[in-house]
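Residues in the sequence shown are numbered from 8 upward in steps of one, following this note's numbering. Contents: one structure, followed by commentary.
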Amino acid sequence: LYHRWAGGKHTGSGDLSTFERQLDNGQAWSIYSYEDAQCEFPERLVAEWLAESIAAGAIVCNHTQLLEISRKNGRVTGARLRDRISAQEYAVEASNIINATGPWADAVIGASGISTPRMIGGVRGSHLVLPSFTGAPTEAIYTEALDGRPIFVIPWNEQILVGTTEIPDTSDPGKTQPTSEEIEYLLNSLAGLFPRSKISSHDIRYAFAGIRPLPFSPKRDLSSITRRHFLHHHTDDHVVRMLSVIGGKLTTAADLARDCAQKIGGRVRTAPGLALLSDDTLDPLLDNWVLDIAQAGAVSETSARGIVEWHGRRALDIARIALSSADMRAPLCAHTEHIVAEAVDAFSNQCAVTLADVLLRRVPVAWGNCWSQSCSREAALRVGAVMGWSDMQTAAELETVEVERAALLRKPQVVNAPLEAAAD
Ligand SMILES: Cc1cc2nc3c(=O)[nH]c(=O)nc-3n(C[C@H](O)[C@H](O)[C@H](O)COP(=O)(O)OP(=O)(O)OC[C@H]3O[C@@H](n4cnc5c(N)ncnc54)[C@H](O)[C@@H]3O)c2cc1C
C-alpha cells in the first residue's frame, strides 16, 4: 500500500540481503521494505508555518513568555507577557486563549491560579547522534530494541540518528536530558543490531531529549498512551473561552490547528488535497529549480540545492539576497553549503531574534556533522559583518549559540564496558 501511494518501485531482494549481512548476529531476520515520509528538520517545518501564519495576518512574538492569564467574571480577558530579551512586561487583550504550550501546559495553567485536573503526563524520548559506521544503514530502519520496544536507526544529516526511549518525566521540559541508562540502552540496542559496527560511547557526537506532552494516563502502559490530541475546555474549571491542547504530533498539527480555530468560532478552510509525485517526476523538477536558484543568486549548485531543500518557497527571495554581495553568498562556516543570506532572511522574515535561533532553528547547520565552536565563531563573524553588529554584539550572539547548543546537544560521559572492549 505504501509503495502504491508513494509511486515507489519494488526494492529488489538483493538490497535486502546485503543489508541482512550487515545485521549478521546469528539471529534470523524478517526484513520488509516499505516507503514512508521523514521530516528531516522539524525546525524548518515549524519555521515555514510561522512564515505562513504571518502572511495570513498573525502577529508572532518570539522569546515572549506568558506570565499570567487575565480573567474577569470567569472569562478570559487577556494575558500578561514578558519579552525575555528586553525583560519588558506588558499586557495584551484577548477574547479567547489557546494554551498550546505542550509539556508546559499544566505549569502555564497553574501559574495563572486556574485549578484543572492534571492534563499532561510528560514522557521523555532520548536520541543519540553518531557518525556513520561501516555497515551503517543507508535507509531508515525501524526495528526492535533489546527489550522489544520499537526503535529507529536513521541516516540523518550525514550522521546516524538512533532513538528513542519512553521515560515518564515531570521535570522542567526545557532542561530535560538523556540519562546514562537511556544512552546505554540505545547504544546496546544499536550494537545488538550491528555487531560489526564497533560503535562505542566515545563515538557519540551528542545526545538530546524531548518531552512528549501525552495525556496524563497514570494507569496505562507508556507505549499504549494515545498519540492523538485532545482539547480541554476550561469551562469546567470556571474559565470561559480558554482551551488547552493536550498531546498531538507534528504530523497532525495542521489538523489540530483547524480543530482549535473551529472551537473558537474561526472560519476554517478545508485542508487542501495532497499532490503525490513519484521520484521520477519530482527529481527533474527539483533539479531545474536548483539550477534556476543557482543562477538567480550566483551561488553554486550545492548551495542552491541546500536553499531549495530548506527554504522551499522562500528560495528565490534568498537567492536575491545572495546576489547582492559576495559576503551574503559566503558559507556560514567552511564546511557547509548553507550561506549567510539564509541567516539574514531568517532574521528578516522568520522571526529569528538571536543567532542561536538562526543556527539551531531556522538554518539548522549547528546540528551538523562538522559543527564545533570554531564553526559557531566563523558563522557569528560572517553574519555579524552583514548585519552590522559591533564586536560586542557579535560576541554576545556567539554566546547565545554556544550556551544553547551546549545545553541542548551534550556529548555524554557514559562508558559502556562491554562495548568499549568490543571496540578495542
Ligand atoms: C522524543 C519525541 C519524539 C517525537 N516523535 C514524533 C514523531 O515521530 N512524529 C511526530 O509527528 N511528532 C513527534 N513528536 C511530537 C512532537 O514533537 C510534539 O507533538 C510537538 O513538539 C508538540 O508540539 P507543541 O507545540 O504542542 O509543544 P512544544 O513543541 O513543546 O512547544 C511548546 C512551546 O511552548 C513554549 N512555552 C512554554 N511555556 C510558555 C510560556 N509560559 N509562555 C510562552 N511560551 C511558552 C515553549 O517554549 C515551547 O516553545 C515527538 C516528540 C518527542 C519529544
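Every residue gets a Cβ at the ideal spot worked out from N, C-alpha and C, and that includes glycine.
Verify the contact flag: residue i, CB atom, against every heavy atom of ligand 1, threshold strictly below 7 Å.
| i | result |
| --- | --- |
| P110 | yes |
| G132 | yes |
| R219 | yes |
| T258 | yes |
| L250 | no |
| G255 | yes |
| L405 | no |
| Q7 | Residue coverage of the chain in this structure runs from 8 to 431, which leaves residue 7 outside it and unanswerable. |
| T171 | yes |
| V115 | yes |
| A107 | yes |
Given residue i, which residues of its chain have a CB within under 7 Å of its CB, disregarding the five upstream and five downstream residues?
| i | result |
| --- | --- |
| L238 | L250, V252, D266, C267, K270 |
| T3 | Residue coverage of the chain in this structure runs from 8 to 431, which leaves residue 3 outside it and unanswerable. |
| G19 | For G19, the predicted model reports a pLDDT of 48, less than 50, meaning its position is unreliable; a value from the coordinates is still stated below. Here the set comprises nothing. |
| P110 | I127, G129, P180, I218, P220 |
| T145 | P162 |
| P157 | Y149, E151 |
| T108 | V115 |
Roughly how many angstroms separate the alpha carbons of residue i and residue j, rounded to a whole number?
| i | j | result |
| --- | --- | --- |
| D334 | Y213 | 31 Å |
| A303 | T141 | 40 Å |
| G85 | G375 | 41 Å |
| G128 | S331 | 50 Å |
| M399 | S24 | 57 Å |
| A387 | D299 | 29 Å |
| G117 | R235 | 24 Å |
| A58 | R369 | 11 Å |
| D290 | W56 | 24 Å |
| V169 | R274 | 41 Å |
| T288 | A348 | 30 Å |
| A403 | R89 | 21 Å |
| E385 | E165 | 21 Å |
| I232 | V410 | 34 Å |
| F354 | V365 | 7 Å |
| E42 | A326 | 33 Å |
| A101 | T71 | 16 Å |
| R91 | S204 | 45 Å |
| S383 | F159 | 30 Å |
| Q420 | A305 | 44 Å |
| Q45 | S77 | 40 Å |
| R276 | L293 | 29 Å |
| V393 | D22 | 48 Å |
| W317 | L323 | 12 Å |
| G391 | T401 | 6 Å |
| H245 | G120 | 12 Å |
| A114 | T123 | 11 Å |
| L257 | T183 | 20 Å |
Kindly list the residues whose CB is nearer than 6 Å to the CB of residue i, restricted to its own chain and excluding five residues on each side of it in sequence; keep chain order.
| i | result |
| --- | --- |
| N412 | In the sequence on display, residue 412 carries Arg and not Asn. Contacts found: A373. |
| C377 | H342 |
| A112 | N106, M126, I127, S251 |
| I174 | R131 |
| T309 | E344 |
| L193 | L135, V169 |
| H241 | M249 |
| R51 | W317 |
| A54 | Q357, R369 |
Closer than 8 Å by C-beta to residue i: which residues in its own chain qualify, once you throw out the five before and the five after it? Chain order, please.
| i | result |
| --- | --- |
| E27 | W36, I38 |
| A5 | Because residue 5 is not part of the residues shown, which for the chain are 8 to 431, the question remains open. |
| L415 | F215, L367 |
| N295 | none |
| V67 | L57, S60, I61, C358 |
Would you mind giving the Cβ-Cβ distance between residue i and residue j, rounded to the nearest angstrom? I have them listed as a contact below 8 Å.
| i | j | result |
| --- | --- | --- |
| L74 | R87 | 5 Å |
| V297 | R321 | The Cβ separation is near 15 Å, so there is no contact. |
| A152 | P162 | That belief does not hold up - the Cβ atoms of A152 and P162 are roughly 18 Å apart, past 8 Å. |
| A278 | A260 | About 12 Å; that fails the 8 Å criterion. |
| S133 | P185 | 3 Å |
| A337 | I328 | Not a contact, Cβ separation roughly 12 Å. |
| C358 | N69 | 5 Å |
| T177 | E189 | At roughly 16 Å, the Cβ-Cβ gap does not stay under 8 Å, so T177 and E189 are not in contact. |
| F201 | Q34 | 12 Å between Cβ atoms; not a contact. |
| L281 | D210 | Not a contact, Cβ separation roughly 39 Å. |
| R248 | N103 | 5 Å |
| G272 | P222 | Not a contact, Cβ separation roughly 25 Å. |
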